[in-house]
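Numbers given in our numbering equal positions in the sequence shown, counted from 1, plus 1.
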Amino acid sequence: MVHAEPKHGIAMYGEPALPADFKHLPQANPDAPKGGEIVFAESGSFDSLHPVITKGNPPWQLRYMIFESLLGRSYDEPFTLYGLLAETVETGPNREWVEFTLREEAAFSDGSPVTVEDVMWSYEILGTEGHPRYLGAWGKIEKMEQTGPRSVRFTINTVDFELPLIMGLRPILKKAQWEGHDFQASGIDVIPIGSSPYVIGDFEPGRYLNLERNPDYWGKDVPFMQGQMNFDTIRYEFYGDGDVVFEAFKAGEANTYRETNAEKWATQYDFPAVQSGDVVLSEIPHKRPTGIQGYVMNTRSPQFQDWRVREAMIQVFNFEFINQTLNGGREPRIQSYFHNSVLGMEVGAPATGRVAEYLSAYDDLPPGAVEGYALPASDGSERNRAGVSRALDLMAEAGWTVQDGVMKNEASEEFTFEIVLNQGATQDRQVIDIYAASLARIGITPTISAMDSAQYTERTNSYDFDMAPYWRSLSLSPGNEQRLYWGSAMVGENGSRNWMGVESDAVDGLIEEMLTADSQEDFQAATKALDRVLTAGRYVIPIWYSDVSRVAHVKELHYPETLPMYGDWLGFQPELWWYEE
Numbered sequence: 002m003v004h005a006e007p008k009h010g011i012a013m014y015g016e017p018a019l020p021a022d023f024k025h026l027p028q029a030n031p032d033a034p035k036g037g038e039i040v041f042a043e044s045g046s047f048d049s050l051h052p053v054i055t056k057g058n059p060p061w062q063l064r065y066m067i068f069e070s071l072l073g074r075s076y077d078e079p080f081t082l083y084g085l086l087a088e089t090v091e092t093g094p095n096r097e098w099v100e101f102t103l104r105e106e107a108a109f110s111d112g113s114p115v116t117v118e119d120v121m122w123s124y125e126i127l128g129t130e131g132h133p134r135y136l137g138a139w140g141k142i143e144k145m146e147q148t149g150p151r152s153v154r155f156t157i158n159t160v161d162f163e164l165p166l167i168m169g170l171r172p173i174l175k176k177a178q179w180e181g182h183d184f185q186a187s188g189i190d191v192i193p194i195g196s197s198p199y200v201i202g203d204f205e206p207g208r209y210l211n212l213e214r215n216p217d218y219w220g221k222d223v224p225f226m227q228g229q230m231n232f233d234t235i236r237y238e239f240y241g242d243g244d245v246v247f248e249a250f251k252a253g254e255a256n257t258y259r260e261t262n263a264e265k266w267a268t269q270y271d272f273p274a275v276q277s278g279d280v281v282l283s284e285i286p287h288k289r290p291t292g293i294q295g296y297v298m299n300t301r302s303p304q305f306q307d308w309r310v311r312e313a314m315i316q317v318f319n320f321e322f323i324n325q326t327l328n329g330g331r332e333p334r335i336q337s338y339f340h341n342s343v344l345g346m347e348v349g350a351p352a353t354g355r356v357a358e359y360l361s362a363y364d365d366l367p368p369g370a371v372e373g374y375a376l377p378a379s380d381g382s383e384r385n386r387a388g389v390s391r392a393l394d395l396m397a398e399a400g401w402t403v404q405d406g407v408m409k410n411e412a413s414e415e416f417t418f419e420i421v422l423n424q425g426a427t428q429d430r431q432v433i434d435i436y437a438a439s440l441a442r443i444g445i446t447p448t449i450s451a452m453d454s455a456q457y458t459e460r461t462n463s464y465d466f467d468m469a470p471y472w473r474s475l476s477l478s479p480g481n482e483q484r485l486y487w488g489s490a491m492v493g494e495n496g497s498r499n500w501m502g503v504e505s506d507a508v509d510g511l512i513e514e515m516l517t518a519d520s521q522e523d524f525q526a527a528t529k530a531l532d533r534v535l536t537a538g539r540y541v542i543p544i545w546y547s548d549v550s551r552v553a554h555v556k557e558l559h560y561p562e563t564l565p566m567y568g569d570w571l572g573f574q575p576e577l578w579w580y581e582e
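Here is the structure:
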C-alpha cells in the first residue's frame, strides 16, 4: 500500500501514472481557447439549486459544475486522483487514515479562502444531513481533525482501501453561506457558492439555467485544470418531452445533442444543418463497462419478491423484436452489470477458480449465480412463443395462472403492477408500450403512469413504484458506490440508488471483498462474482448498449484528439470540449 508521505495524487492500486510535475492531464488540450458557449437541451425540469440533498429536483449537473473536491479524477487511469483543492494527499501504511493539505490559493467564487473549517463542516453536514450517497463513507470515519493550518486528517474505523480516494471526492461547500439556513430545505432561495470555474448566472426554474465563467477563478494555473472548463457560458435548456429536445437541437436552440438511439442516428440525421456541414456527427469510442440499463423491478413490492416472477418478466420482454423495431437491430444487448469489460461474468458459463471460491462462502445465491446464467433470446418475431411459454410456466410455479384471460392466484387476485415513467422519456414509453402488448399475452395488464420529472423523482426517491426505467453507469474501478447502488443498508434509505431493494448477504459480502482486495486479481474475481449474483438475481430487464457515444454538435465545438480511456461523452463534455470558430 501507499507509504506515509505527502504525494500529488493517489491510485487505488500502485502509483499514479503522472509525475508530481505533470503539466496537464493527457486527455486535456492545454492550448484549447477559452470562450464561447455550449448549449444543452435537457428533457425534464428543475425546481431547486441544491444538488447535495434528497429534497427537490435540481439539475444534476450542478453537483459537478459548481463544487470542487479536494482531489480530481483522471479518466485516463482506472481509479487515480490528483490534487485539486488539495496540493497533497497522504495516507497511512495500510490506508487507515488519509490527510489532505489545501492549496494556499484555493478560494470560493466570492473570493473568500477555502479553509480547513469549510472542509470539515462540508464533510460533517454531508455525512449527517446530505444525500444518502454521502452517508456510508461518513459512517466509517472514526475521527476528523485539523492537523495544520491547511491540513485535515480522517482516521478510518474499518478496512477500506478505497475510502481515502472517496474522501477526496466530496464536494466542498462554503460554511458561512449556510449559517441561518435549513441545509435540508430545497429551492432556489440560496444560490450555492462553490470554488469551481463557474457560478450560477441567469435561470428560470423549469426552463433554463446559465453557468457563467468566473473571471477570477482561483485554480486557473493548477495543472489538473489545464485545458479543462473552456467555455464562457454553459447553458441548459429544459423541455418537457424527449422528442421536443431533438427538435430544439435541429432548430438551433441547442448546439450539442447526444443520441442514444442507433436507428435514429442512422436515419434521422440528414437535416439541412448536417448536409451543410454546420452540424458535425461524431462517433466517440469508449472502453467502459456497459453498466446496467433497462427496467428495474422493485422487490419491496410483493409482486416481484419471487425470482421466478422476475424471470417470467424477463422472458416475456421480447428484446430482439423491440431492438429491431426501435434500433433496426443495430445494438447488442447488455448481458450483465459489468458486461463488455474484464470485470464482467462469463455469460452462461459456470463459475471457476477464484470467482467460484468467493461464491462458495454464501448460501443465499440466486439460481444461476454459480452454474451460469444467460438472458433469453427470442426468434425476433412479435409473438415470442418460446418466451411466452416459459413465462407462463414460471408464473405457474410461483402460484399464478391465467384464469378467464387474466393472470390470477388461487385466491383469484389479479397480478398487476405499476410502471412509472418520466413523461419526457420518449424512448422508454415506446419500449414499455411494446412490452405491455407482450404482457397482455400472459394475461397481465400493467398500469403505466407518466409524470413530470419532479413527481418522478419524488416517487423513485421513496421507492413508490413497482417497475421503472433504470440506469447505473459502472466503471472499471467500482468501489464504495456499490453499497449505495445495491447494499442492504440502503434498502430503507430514501434517495439511495438501490431501487430494486437488493438485500443479500452475498451482495454485501462480495462488495466488501472487492473493497478490501489487495491485488488486482482478487479485485477482478470479487467483482465478477458480484456481477454473477446481481445478474442472476433478475432484478433488471436489460436493454441495449453501444460501444460508441454518438454526439451531434455544431462545427465550432471541438474535443481533444486524445480521448480519456475510461470516460465517454459524459466524462468529458463539457469539461474537455472547447469552442473555436
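Yeah, the Cβ is synthetic: ideal placement off N, Cα and C, and Gly gets one too.
- A check of alpha carbon separations from leucine 212 across Gly349, Ala87, Ile39, Gln294 identifies Ile39 as the nearest.
- Note that the C-beta distance between phenylalanine 47 and proline 206 is below 8 Å.
- Two segments are said to touch when three or more pairs of C-beta atoms, one from each, lie closer than 8 Å; by this definition the stretch 8–24 touches the stretch 76–90.
- Beta-carbon to beta-carbon, glutamate 100 and arginine 171 are separated by about 15 Å, too far to satisfy the 8 Å threshold.
- Distance check between phenylalanine 305 and each of Ala469, Pro94, Gly510, Gly354 places Ala469 closest, using alpha-carbon atoms only.
- Collapsing the DSSP output to three states places glutamine 428 in a helix.
- With respect to the 8 Å criterion, alanine 33 and asparagine 231 are classified as neighbours on the basis of their beta carbons.
- The DSSP assignment places 308–317, 320–328 as complete runs of the alpha helix (DSSP H) inside the stretch 295–349, in order along the chain (cut-off: 4 residues).
- In the three-state reduction of the DSSP assignment, aspartate 119 falls in the helix class.
- In this structure, glutamine 28 sits near proline 561, with a CB-CB distance shorter than 8 Å.
- The DSSP-derived three-state label of phenylalanine 204 is strand.
- In the three-state reduction of the DSSP assignment, arginine 171 falls in the coil class, being assigned neither a helical nor a strand state.
- Judged by beta-carbon spacing, leucine 327 lies within the 8 Å limit of glutamate 264, meaning their Cβ atoms are closer than that value.
- Taken in chain order, the complete beta strand (DSSP E) segments of 3 or more residues contained in the stretch 59–111 are 72–75, 81–84, 87–92, 98–103.
- Between glutamate 284 and glycine 278, the alpha-carbon positions lie close to 16 Å from each other.
- Runs of the beta strand (DSSP E) lying entirely within the stretch 211–271 and spanning at least 3 residues, in chain order: 234–240, 257–260.
- By the 16-neighbour rule on beta-carbons within 10 angstroms, tryptophan 472 is exposed.
- Per DSSP, the beta bridge partners of asparagine 423 are Met452.
- In the displayed model, isoleucine 142 falls within a strand according to three-state DSSP.
- Looking only at Leu477, Thr427, Leu558, Ala451, the smallest Cα-Cα distance to aspartate 242 is reached by Thr427.
- When the Cα atoms are used, glutamate 143 and glutamate 260 turn out to be separated by approximately 45 Å.
- Judged by their CB atoms, glycine 140 and leucine 71 are not nearer to each other than the 8 Å cut-off.
- For glycine 10, there is no enclosing alpha helix (DSSP H); the enclosing beta strand (DSSP E) covers residues 10–12.
- Note that the stretch 536–554 touches the stretch 307–321; at least 3 beta-carbon pairs, one per stretch, sit closer than 8 Å.
- In the three-state DSSP reduction, threonine 148 falls in the strand class (E or B).
- The residues Asn499, Gly502, Glu504, in chain order, have a CB closer than 7 Å to that of valine 492 in the same chain once the five nearest residues on each side in sequence are set aside.
- If you draw a straight line from the Cα of valine 549 to the Cα of valine 53, it is about 30 Å long.
- Residue pairing for valine 281: DSSP places it in a beta bridge opposite His554.
- Burial of tryptophan 401 is indicated by the presence of at least 16 other C-beta atoms within 10 angstroms of its C-beta.
- The C-alpha of asparagine 158 lies about 37 Å from the C-alpha of histidine 287.
- CA-CA distance, leucine 63 to histidine 51, rounds to 8 Å.
- Here the stretch 525–534 makes no contact with the stretch 378–386; the two share fewer than three CB pairs at distances below 8 Å.
- Under the DSSP definition of a beta bridge, glutamate 38 partners with Thr234.
- Using a Cβ distance threshold of 8 Å, threonine 517 and valine 160 count as a contacting pair.
- For tyrosine 471, there is no enclosing alpha helix (DSSP H); the enclosing beta strand (DSSP E) has its first and last residue at 468–473.
- The beta carbon of aspartate 203 lies closer than 6 Å to those of Asn211 in the same chain, with the five residues before and after it left out.
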